[in-house]
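Structure first, commentary second.
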Amino acid sequence: MSNPSILILPGDGIGPEVMAQVTRIIDWFGEKRDLKFDVETDLVGGAAYDKHGVPLSDETMARAMEVDAVLLGAVGGPKYDDLDFSVKPERGLLRLRKEMDLFSNLRPAQCFDALADFSSLKKDIVSGLDIMIVRELTSGVYFGEPRGIHKEGNERVGINTQRYTESEIARVARSAFELARKRGNKVCSMEKANVMESGILWRDVVTEIHETEYPDVELSHMYADNGAMQLVRAPKQFDVIVTDNLFGDVLSDCAAMLTGSLGMLPSASLGLPNADGRPKALYEPVHGSAPDITGQGKANPIACILSFAMALRYSFDQGDEATRLEKAVEKVLADGARTADLMGPEDGTPISTTQMGDVILEALDASL
Ligand code: NAD
Ligand code: IPM
Ligand code: MN
Numbered sequence: 062m063s064n065p066s067i068l069i070l071p072g073d074g075i076g077p078e079v080m081a082q083v084t085r086i087i088d089w090f091g092e093k094r095d096l097k098f099d100v101e102t103d104l105v106g107g108a109a110y111d112k113h114g115v116p117l118s119d120e121t122m123a124r125a126m127e128v129d130a131v132l133l134g135a136v137g138g139p140k141y142d143d144l145d146f147s148v149k150p151e152r153g154l155l156r157l158r159k160e161m162d163l164f165s166n167l168r169p170a171q172c173f174d175a176l177a178d179f180s181s182l183k184k185d186i187v188s189g190l191d192i193m194i195v196r197e198l199t200s201g202v203y204f205g206e207p208r209g210i211h212k213e214g215n216e217r218v219g220i221n222t223q224r225y226t227e228s229e230i231a232r233v234a235r236s237a238f239e240l241a242r243k244r245g246n247k248v249c250s251m252e253k254a255n256v257m258e259s260g261i262l263w264r265d266v267v268t269e270i271h272e273t274e275y276p277d278v279e280l281s282h283m284y285a286d287n288g289a290m291q292l293v294r295a296p297k298q299f300d301v302i303v304t305d306n307l308f309g310d311v312l313s314d315c316a317a318m319l320t321g322s323l324g325m326l327p328s329a330s331l332g333l334p335n336a337d338g339r340p341k342a343l344y345e346p347v348h349g350s351a352p353d354i355t356g357q358g359k360a361n362p363i364a365c366i367l368s369f370a371m372a373l374r375y376s377f378d379q380g381d382e383a384t385r386l387e388k389a390v391e392k393v394l395a396d397g398a399r400t401a402d403l404m405g406p407e408d409g410t411p412i413s414t415t416q417m418g419d420v421i422l423e424a425l426d427a428s429l
C-alpha cells in the first residue's frame, strides 16, 4: 500500500520558516515511528503569484483535491498589498477552502501550564483552559453575493453580503455537536440574532439540529459581541463554540491571546468524509505571514507543528502519535524553551525558530 500523501504549501513570510520545522518533524515520524508520508511541496499565495501570476495555480488546486492532507504555512504580505483583489495572496487560501469545501474549521485554544503566567490575562483565568472554536469556513460574508465596490452617484460603495443557507448552518452545527460529545459535551453558538436575519436563521437551525439529533449535548446561545467579552472575562465557561466565518475569524484571534501568543494556535479545516471515511482536510496555523518578523529567525513554529499534530489525529488516525507530539511541545515549554513571542523584553534571550524545532525533536527522541 502506498504511504499517505501530504501536500505542503509553505506560502509567504514566516510560512516557509515555520514549515521547515514541521518538515523535520514529519521526517522524524518516518524514521523513528515508521510512519512514512509521501510529501510534495508547492506554491501558494504571493509565492505562487510571483511564479504564475495567480495565488494558486489550477495544478496545485487539483493536487490539493487528491492528497490525503494539505499543510499550509501562511499567505500575504506588504509586497502584495496593492495587487488587484482577484489575485491577492489571501484569495489562494480562500480558493482552497471553498473548492475543497472545508466548512468546519477547528481552532482549539489550549493554555499550556508553562505559559499561564505569560498570558495577558490573570493566571487563574486561563490556566487549564481548553476550548474549541468551530468556525464556519466556506460561506457567510466572505463569499456572499452581491459583493464589490461600485459607484452610486458620485461616491463609491463597498458591498459584502452575509448569506447562510439552512444546510450550511446544519452541517457546521453537527460537526460542533459531534466534537462536543468527545469533549465537555457543551456547545455555545454565537451570532447576532438581535440585529441580523442570518443570525436568527443560525439560531433556529442550531436549535433544531440540537433538539432532533443531539439532545444529550448542552446547548447555549450568545450574541457574538458578548461572546468576545466573555472570552476574556471567563473563558473556561466554554467547551465548544460554534460560529460563522467572520465572527469565528475575530473570536479565534482573541482566543489566541488566552494561550499566550498567536504563534501557539493551530487549526484544522475539514470537509465532508470521502469514500474512505476521511474528510478532505487542510491544516494551518491561525496566524498570518508576520511580515514584521520575517527572515529574522524569530517566528514561533509551534502553531504550525501543532497543526501537523491535528493532521495526525484527524486525517491519519494517529491519535497516539498526535498526543506524543503535543506532549513534546508541552515538555519543552515546561523546560523553559521560549521564542521571542513567548517572553517579555526583560525575560532573557529567546531561542530561534530552528532551536525550537531542535528541542521539540529532542523531546520526541526522549519520548521513545
Ligand atoms: P499576523 O498573524 O501575520 O501577525 C500578527 C502579529 O502576530 C504580528 O506582530 C506577528 O509578528 C505576530 N505573529 C504571528 N505569528 C507569529 C509566530 N508564529 N511567531 C511569533 N509571532 C507571530 O497578522 P497580520 O499582521 O494582521 O497579517 C499579516 C499578513 O498575513 C496579511 O497579509 C494577512 O492577510 C495575512 N494573514 C494570513 C493568514 C493565513 O495565511 N492564514 C492569517 C492571518 C493573516
Ligand atoms: C485566517 C486569516 C484568513 C481569514 C485570511 C488570510 C484570508 O485571517 O485564516 O484567520 O480571514 O480567514
Ligand atoms: Mn484570521
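Per this note's numbering, the sequence shown starts with residue 62, numbered consecutively.
The C-beta atom is built at its ideal place from N, Cα and C for all residues, glycine as well.
With a cutoff of 7 Å on beta-carbon distance, residue 254 and residue 245 are scored as not near each other. Straight across, the Cα-Cα distance linking residue 200 with residue 427 is about 44 Å.
At a threshold of 6 Å, residue 310 counts as near the ligand MN, since its beta carbon sits closer than that to one of the ligand's heavy atoms. Per DSSP, the unbroken beta strand (DSSP E) holding residue 344 starts and ends at 340-346.
In the three-state scheme derived from DSSP, where H, G and I count as helix and E and B as strand, residue 68 is classed as strand. DSSP places residue 158 within a helical segment (H, G or I) once states are collapsed to three. If you compare the alpha carbons of 190, 313, 122, 174 with that of residue 395, the shortest gap goes to 174. Secondary structure at residue 255: coil, using DSSP grouped into helix, strand and coil.
The DSSP-derived three-state label of residue 365 is helix.
Within its own chain, the residues whose Cβ lies closer than 8 Å to the Cβ of residue 278, once the five positions on either side in sequence are excluded, are 238, 241, 242, 246, 247, 248, 271, listed in chain order.
Short of 8 Å from the beta carbon of residue 315, and not among the five residues preceding or following it, lie these beta carbons of its own chain, in chain order: 289, 292, 293. In this structure, the alpha-carbon of residue 184 lies about 16 Å from that of residue 405. If you draw a straight line from the Cα of residue 131 to the Cα of residue 125, it comes to about 6 Å. Under the DSSP assignment, residue 77 falls in the alpha helix (DSSP H) whose first and last residues are 76-93. Judged by the Cβ position, residue 133 fails to qualify as a neighbour of the ligand IPM at the 6 Å threshold, every heavy atom of the ligand being at least this far.
Distances from the CB of residue 324 to the heavy atoms of the ligand NAD include at least one below 6 Å. For residue 330, no alpha helix (DSSP H) run applies; the uninterrupted beta strand (DSSP E) run containing it begins and ends at 327-334, by DSSP. Boundaries cannot be given for residue 349, as no beta strand (DSSP E) includes it and DSSP labels it neither H nor E. At a Cβ-Cβ threshold of 7 Å, residue 343 and residue 330 count as neighbours.
Ranked by Cα distance from residue 295, the first of 188, 83, 207 is 188.
Residue 284 and residue 357 have their alpha carbons spaced roughly 41 Å apart.
The Cβ atoms of residue 398 and residue 425 lie no closer than 7 Å to each other. In the three-state reduction of the DSSP assignment, residue 306 falls in the helix class, which pools H, G and I.
A Cβ-Cβ distance of about 36 Å is found for the pair residue 147 and residue 319, leaving them out of contact under the 8 Å criterion.
Following the DSSP letters along the chain, one finds residue 194 inside the beta strand (DSSP E) bounded by residues 191-197. DSSP places residue 301 within a strand segment (E or B) once states are collapsed to three. In this structure, DSSP gives residue 183 a state outside helix and strand, which the three-state scheme calls coil. In this structure, DSSP gives residue 287 a helical state, which the three-state scheme calls helix. Residue 236: member of the alpha helix (DSSP H) spanning 227-242, first to last residue. For residue 313, the secondary structure class from DSSP, reduced to helix, strand or coil, is helix. If you draw a straight line from the Cα of residue 355 to the Cα of residue 75, it comes to about 5 Å.
Sorting 370, 393, 335 by C-alpha distance to the C-alpha of residue 382 places 370 at the top.
Relative to residue 105, the option among 141, 97, 211 whose CA is nearest is 141. Unbroken alpha helix (DSSP H) runs of no fewer than 4 residues, entirely contained in the stretch 96-159, are found at 107-113, 119-127, following chain order.
Just so you know, the alpha carbons of residue 192 and residue 418 end up roughly 26 Å apart. The beta carbon of residue 66 is closer than 6 Å to those of 99, 128, 129 in its chain, skipping five residues each way along the sequence.
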